[in-house]
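From first to last, the protein sequence lines are chains V and X. Oh and the first sequence: position 96 is 95 in numbering that gives the first Met the number 0, straight run, nothing missing. Oh and the second sequence: position 65 is 64 in numbering that gives the first Met the number 0, straight run, nothing missing. Note that CB positions come from ideal geometry on N, CA and C, so glycine has one too.
Number of protein chains: 2
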Amino acid sequence: MDRRQRKTRKAIYDAFTGLLKKRPYARITVQDIIDAADVGRTTFYAHFETKDDLLTTLCAEIFDHVFSEDLRKEKTHDFSSEHNTGAMITHVLYHLQEHMEYLPGILSGQSDEIFMDSFKEHLRGLFSHAAAAVDSPVPRDYMMNHMVCDFAETVRWWTRHPSYSPEEISSFFLQTTPLLD
Amino acid sequence: MDRRQRKTRKAIYDAFTGLLKKRPYARITVQDIIDAADVGRTTFYAHFETKDDLLTTLCAEIFDHVFSEDLRKEKTHDFSSEHNTGAMITHVLYHLQEHMEYLPGILSGQSDEIFMDSFKEHLRGLFSHAAAAVDSPVPRDYMMNHMVCDFAETVRWWTRHPSYSPEEISSFFLQTTPLLD
DNA sequence: TTGATACCAAACACCATGTTCGGTGCGATT
DNA sequence: AATCGCACCGAACATGGTGTTTGGTATCAA
């Protein structure tokens with residue numbers, strides 16, 4: 000890829016995350032971004048179809064990182080198939096913490112769906128084994144939704160109380176959701 | 000209040016809820032509403048400041064109904080202070096069910112915050128006693144958020160699976176949230 | 001009957017979005 | 001070193017939705 004492309008792409012990303020630290024996604028215009036990134040309007044739209052597309056791409060990069068394969072390879076076993084849910088959760092939280100400064104900008108406002116939908120999709124993958132293991136008259140789909148939303152809302156709460164550590168948050172989650180493990 | 004005002008107000012409400020049954024809030028324009036209601040643009044803005052204001056007012060009416068005093072007076076005791084959480088929840092679900100046709104239009108898309116924020120506010124009132132009773136190292140605020148989001152997401156799930164009865168939904172909720180009662 | 005006020009259509013200013021245009025300069029290939 | 005391609009640029013534009021203004025009409029209540 001062209002060096003110029005990489006430069007402007009990075010400039011746009013940096014401008015975007017920088018703005019997200021100051022105000023929520025909904026109150027950021029494309030004009031704000033291209034002003035902050037110091038690129039032309041045409042250039043922005045050459046890289047991203049819309050503002051939502053930019054956010055979607057950013058979210059994809061975050062999740063690519065948070066749910067990266069090394070999450071499983073780092074340790075010697077597959078988290079989701081064995082009963083190490085606690086460690087897995089803490090791991091995910093650690094990775095999420097690196098993006099903590101601008102997560103509130105994505106999670107509040109009307110943009111939360113773009114983030115949340117993708118986030119929950121990934122979480123379904125992580126929790127699928129655990130949900131399948133539960134024997135209950137409650138529909139499996141409800142159970143899945145329960146676990147996933149529970150964790151997603153835990154993360155949202157965390158962004159409002161960022162002083163807690165990943166271990167503490169993980170502990171809160173597991174104590175209020177005794178269905179896992 | 001003037002008869003004319005009541006008439007146009009009702010026309011706007013009906014048009015709005017009618018449209019919400021067809022497509023989500025985000026894809027409804029003010030023009031759509033005034034066309035469906037057959038009122039002038041000026042008239043709409045004489046009644047509501049913005050489209051969000053209309054939704055906020057609608058939500059307020061829903062909650063005024065769902066969390067009405069007769070919820071407590073109908074029975075001979077205060078739900079929230081005694082341990083009749085199950086009955087209380089079922090009661091709320093029954094009332095919500097009456098608005099089921101257009102709830103998906105409010106809960107999907109980017110409008111869910113207007114509904115959810117107010118909904119959660121009311122739920123906090125209902126759950127405050129229950130949350131206070133729990134003795135746990137988990138912060139009270141986290142606990143509260145957990146219960147409230149749990150129920151709110153249960154309702155959201157219900158709108159996607161509306162064939163279940165209030166009793167069933169209530170049962171699902173209580174089984175996955177053993178913290179109540 | 002009269003005064004107030006709710007209503008109306010039409011036009012408007014505004015703002016953000018996404019596109020189109022003609023032109024400039026970097027960067028790689030020969 | 002010459003050149004071709006393409007990333008970039010600013011400026012202008014079309015689009016679409018919002019909320020306001022204007023001047024006039026119809027209804028209600030006294």
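Given HIS98 (chain X) as reference, the closest of X:GLU167, X:SER170, X:ARG155 once Cα atoms are compared: X:ARG155
By a C-beta neighbour count over all protein chains shown, 10 Å radius and 16 as the cutoff for buried, is SER164 (chain X) buried or exposed? exposed
Exercise. DSSP state of PRO23 (chain V), grouped into three classes?
Worked result: coil
* Alpha-carbon to alpha-carbon, ASN83 (chain V) and THR75 (chain V) -> Per-residue confidence for THR75 (chain V) stands at a pLDDT of 45, beneath the threshold of 50, marking its modelled position as unreliable; the derived number appears in the next sentence. When the Cα atoms are used, THR75 (chain V) and ASN83 (chain V) turn out to be separated by approximately 12 Å.
- Task: Give a yes or no on whether 8 Å exceeds the smallest Cβ distance from THR16 (chain V) to chain X.
- Result: no
Item to check | Residue range of the unbroken alpha helix (DSSP H) whose run includes GLU197 (chain X) | outcome: Past the edges of chain X, shown from 0 to 180, lies residue 197 (chain X), and the structure says nothing about it.
Quiz item: Under the rule that 16 or more other beta-carbon atoms within 10 Å means buried, what is ASP77 (chain X), buried or exposed?
Solution: Because ASP77 (chain X) sits at a pLDDT of 47, beneath the cut-off of 50, its placement in the model cannot be relied upon, and the following sentence gives the value as read from the coordinates. It is exposed - the Cβ of ASP77 (chain X) has fewer than 16 other Cβ atoms within 10 Å.
Quick check on GLU48 (chain X): does DSSP put it in helix, strand or coil?
coil
Pairwise C-alpha distance: THR176 (chain X) and ALA130 (chain X) = Each residue's alpha carbon lies about 12 Å from the other.
Do ILE33 (chain X) and PHE47 (chain X) have their C-beta atoms closer together than 8 Å? It is not a contact, given that the beta carbons lie outside the stated cut-off.
Using 8 Å for Cβ pairs, my map puts GLY104 (chain X) next to TYR24 (chain X). What's the rounded Cβ distance? Correct: roughly 6 Å between the Cβ atoms.
Practice item. Answer with yes or no whether the minimum CB distance from GLN96 (chain X) to chain V is below 8 Å. Key: no
What do you get for ASP116 (chain V), buried or exposed, if any count of 16 or more other CB atoms within 10 angstroms of its CB means buried? exposed
Note down, in chain order, every chain V residue with its Cβ under 9 Å from the Cβ of HIS145 (chain X). Here the neighbours are ASP149, GLU152, THR153, TRP156, PHE171, PHE172, THR175, THR176.
- Task: Quick one: give me the first and last residue of the alpha helix (DSSP H) that SER117 (chain X) is part of.
- Result: Element bounds for SER117 (chain X): 111-132.
- Give the C-beta separation of PHE66 (chain X) and HIS121 (chain X) to the nearest angstrom, bearing in mind that I take them to be a contact with Cβ-Cβ under 8 Å. 5 Å
Using three-state DSSP, classify SER80 (chain V) as helix, strand or coil.
Since pLDDT at SER80 (chain V) reaches only 48, below the 50 mark, its modelled position is unreliable, and the value read off the structure follows with that caveat. If DSSP states are grouped into helix, strand and coil, SER80 (chain V) belongs with the helices.
Problem - Per-residue contacts from VAL137 (chain V) into chain X (C-beta, under 7 Å) - result: PHE171, GLN174, THR175
Original post:
Interface residues of chain V around TYR141 (chain X) at Cβ under 7 Å?
Top reply: TRP156, PHE171
Is there a C-beta anywhere in chain V that falls below 8 Å from the one on GLU112 (chain X)?
yes
- request: Could you work out which residues of chain V lie near GLN109 (chain X), taking near to mean beta carbons separated by less than 7 Å?
  value: GLN109, GLU112
Classify VAL65 (chain V) as helix, strand or coil using the three-state DSSP reduction. helix
For this session: To the nearest angstrom, report how far apart ASP9 (chain X) and ARG22 (chain X) are at their CA atoms.
Result: In the sequence on display, residue 9 (chain X) carries Lys and not Asp. One C-alpha to the other measures close to 20 Å.
| VAL137 (chain X) and GLN109 (chain V) look like a contact to me (Cβ under 8 Å); what is the Cβ gap, rounded to whole Å? | About 30 Å separates the two Cβ atoms, so there is no contact after all.
Practice task
Given a cut-off of 8 Å, decide if PHE126 (chain V) and THR153 (chain V) are closer than it, judged by their beta-carbon atoms.
Solution key: no
Could you give the DSSP three-state label for ASP13 (chain V): helix, strand or coil?
helix
Cβ of ASP140 (chain V) within 8 Å of Cβ of ASP149 (chain X)? No, Cβ-Cβ distance for ASP140 (chain V) and ASP149 (chain X) is not below 8 Å.
| message | For PHE15 (chain X) and ILE27 (chain X), what's the separation of their Cα atoms in angstroms? | response | If I take the Cα positions, the gap works out to 9 Å.
Suppose you measure from the CA of PHE118 (chain V) to the CA of VAL147 (chain X); what does that come to, to the nearest Å? Here the alpha carbon of PHE118 (chain V) sits roughly 20 Å from the alpha carbon of VAL147 (chain X).
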